[in-house]
Structures are given as structure tokens and as C-alpha cells.
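Undergrad: Please find one structure pasted underneath; my questions will follow.
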DNA sequence: CAACTTAACGTCAGCATAGC
DNA sequence: GCTATGCTGACGTTAAGTTG
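In our numbering, the protein residues as written are 1070 to 1347.
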């Protein structure tokens, strides 16, 4: 590249300030942690008492079972139908603790980690595990859903292609997560697979993608969507847009992991109608 | 096979709105 | 009026796929 470009490159700087060494905690959070620190014995009653008076202890407590703040919000939506922890911690602290304990073994985890004496290295390890978990493990959640769907497609012993594009109406094409028997102009059955345990504009992007598939599809093409994950529960406006596509029959099927049996049956019918089965 | 491109999911902040 | 929750979009990191 040109010398001018190299010169331009040399003028770049880091935008973010160096990360602060000590996280800023609110007074409410600090107070909650002081109480936790002073608690001699951790049991269900102690935690119930703690969160009833100090709901802001919740994100700290659930970190003991590997839940981030966002994951906590998602799980509360799934398990209790609420979007936050403060109100429910004050009103139904017992139910909140019991639910999380049943699902994640919260009390035991907090108790164990409360007693543990932590070394410097322990802290370093924890930091590393969390930051790595964030990026790598999250990739797998979406991939797992893809793999489940791929297994079903495989069971029919037909040619297919994962993560590709297909041609539809006019000169338009669209991305899809699977295509049978192949992508491009040969696609006869296509589908989108969108698993999210968290929220974000990525879910809006996913809806846009599914919408695009529905728009581009040819009359004879079958279109399916498989969605799942607690992220959708917190992004229902986006989920509804996909559901409407299904209600209007602009896509032929909409499934979650627990509905994959129906997907298999519907796919079987479609393959038979298209004479793709051997 | 290294460089590059595309696409995957998660975290968080900011503003709007609801609820006490 | 203040706090909790709802809604939205920008941003971060990594893996898989592509290309020369």
C-alpha cells in the first residue's frame, strides 16, 4: 500500500480509556456485599433474608453459578416471567431463591464459594475463565441448535448444504442456514436457525434475515425457521415479527428445540412432495 | 497456509415508559 | 418524583470459510 496510507495508519489511537482497576459499585451494591461478607452461615434462609433487604446482591449471588447479569435477566424471564430481580426479590424472596436453587444449585454454590479462601491466582483464573467463556461458549449455543437440525436433515439421507445462500425470485438471493438439496438455484427447501441466549441487535438482524428469506422464496420453495434460546424471551418484539411471517404462511414452519419432532415430520412431507426421497 | 472475509453470539448503555 | 423495567442499537470477540 502507499506510503500515504501507511502514514495515515500511524495516526490511529486507542479510543477506550485503559480499563479502570476497581469497578465502580453503587452504594446499594456495596451495602449488600457488606452484609454478605458478615454472614456467618450461607443457607437458603440467609440468602432469602439478604435479597429481601438488599435485592442488589442478586447479580453477585448468581455469578456463583456462572450467570452474568444478562443471563440472569433471561433466566428470570424464562422461569418466573419477570424482567428484573429487584421487585421480585423484595416481594417473593423465598420463591426467587428456591427457584434459582432448584434450577442451578444456587445455595450450595454460594455457600461453597463463600467459605473458600481465595488466592491471587484464583482470582486470575476466574477472570480468564469468564472472559473466555463469554466469547467461545456463546458461539456453541447457536451452533448446538444448528447441529440438532442438521442431524434431522441427515437422517433423511438427502443432499444438503449448511450455512449457504439460495436464489429465489427475480435475481435476488438470500442467506440461509440450510438448503436442500443444495444452495444457489437448486434450493428447494431452505431454513434459518437462530439460537440466542442473550439479547441484542443481532436478534433484529436475524429477523431481517428470515424476512428476506420469506420475501425471496419462490412459490415452490419450502421455508422453515428454527428459533430458541432465552434471548428471544427478552426480545419478543422481534420474535413476534417472525411469528407473523409464520401466521401469514410466508414461511412454512416455525419451531423451537422442543418442537423439532414436528419439524422432522413436516420436512418428511415436503421431501416426499418434492420427490427428493430415494 | 497465511491473510482476509463473513458471520456467529454476548454485553451493555441510554432513553422511554411503567409502577410505586 | 424516583426507581425498576422495557426496548433498542452500538460494540466486542471468536470461529469458520475463502482466496491467492
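C-beta: ideal position from N, C-alpha, C; glycine also.
May I have a chain-ordered list of the alpha helix (DSSP H) segments no shorter than 4 residues that lie completely inside the segment 1122 to 1150?
TA: 1127 to 1132, 1138 to 1149
Undergrad: With H, G and I counted as helix, E and B as strand and the rest as coil, what does DSSP make of residue 1229?
TA: Numbered from 1 along the first chain, position 160 holds the residue referred to as residue 1229. Reduced to three states, the DSSP call for residue 1229 is coil.
Undergrad: Would you mind working out which of 1251, 1276, 1343 sits nearest residue 1288, comparing C-alpha positions?
TA: Indexing the first chain from 1 puts residue 1288 at position 219. That would be 1343, whose Cα lies nearest to the Cα of residue 1288.
Undergrad: Excluding five sequence neighbours on each side, which residues of the same chain lie with their C-beta closer than 7 Å to the C-beta of residue 1080?
TA: Residue 1080 sits at position 11 when you count from the first residue of the first chain. Once the five neighbours on either side are set aside, residue 1080 has no close Cβ partner at all.
Undergrad: Is it the case that the Cβ atoms of residue 1094 and residue 1102 are separated by a distance below 9 Å?
TA: Locating residue 1094 in the first chain gives position 25, counting from the first residue. Locating residue 1102 in the first chain gives position 33, counting from the first residue. Taking a C-beta distance under 9 Å as the contact criterion, residue 1094 and residue 1102 qualify as a contact pair.
Undergrad: Can you have a look at residue 1117 and say buried or exposed, based on whether 16 or more other CB atoms are within 10 angstroms of its CB?
TA: Translated into positions along the first chain, residue 1117 becomes position 48. When all chains shown are included, residue 1117 counts as buried.
Undergrad: For residue 1282, count neighbouring Cβ atoms within 10 angstroms of its own Cβ and tell me buried if that reaches 16, exposed if not.
TA: Here the question's residue 1282 lines up with position 213 in the first chain. Residue 1282 should be labelled buried.
Undergrad: Per the contact definition of three or more C-beta pairs closer than 8 Å, is the segment 1132 to 1139 in contact with the segment 1164 to 1178?
TA: Enough Cβ pairs lie closer than 8 Å, so yes.
Undergrad: Shortest alpha-carbon distance to residue 1212 belongs to which of 1122, 1240, 1292, 1297?
TA: The sequence position of residue 1212 within the first chain is 143, counting from 1. Comparing Cα positions, the closest option is 1297.
Undergrad: Identify, in the order they occur along the chain, each residue of the same chain with its Cβ nearer than 7 Å to the Cβ of residue 1329, setting aside the five sequence neighbours on each side.
TA: Taking the first residue of the first chain as position 1, residue 1329 is located at position 260. Correct list, in chain order: 1217, 1221.
Undergrad: Starting from residue 1105 and walking both ways along the beta strand (DSSP E), at which residues does that stretch end?
TA: Within the first chain, the letter at position 36 stands for residue 1105. Here residue 1105 belongs to no beta strand (DSSP E); instead the alpha helix (DSSP H) covers 1096 to 1107.
Undergrad: Spatial neighbours of residue 1098 within its chain, please: C-beta separation below 6 Å, excluding the five flanking residues on both sides.
TA: Translated into positions along the first chain, residue 1098 becomes position 29. Only 1125 meet the Cβ criterion.
Undergrad: My output table needs one value for residue 1239: the three-state DSSP class, helix, strand or coil.
TA: Taking the first residue of the first chain as position 1, residue 1239 is located at position 170. Coil, per DSSP.
Undergrad: Return the chain-ordered ranges of every alpha helix (DSSP H) run that is complete within the segment 1240 to 1282 and spans a minimum of 4 residues.
TA: Within the segment 1240 to 1282, no complete alpha helix (DSSP H) run reaches 4 residues.
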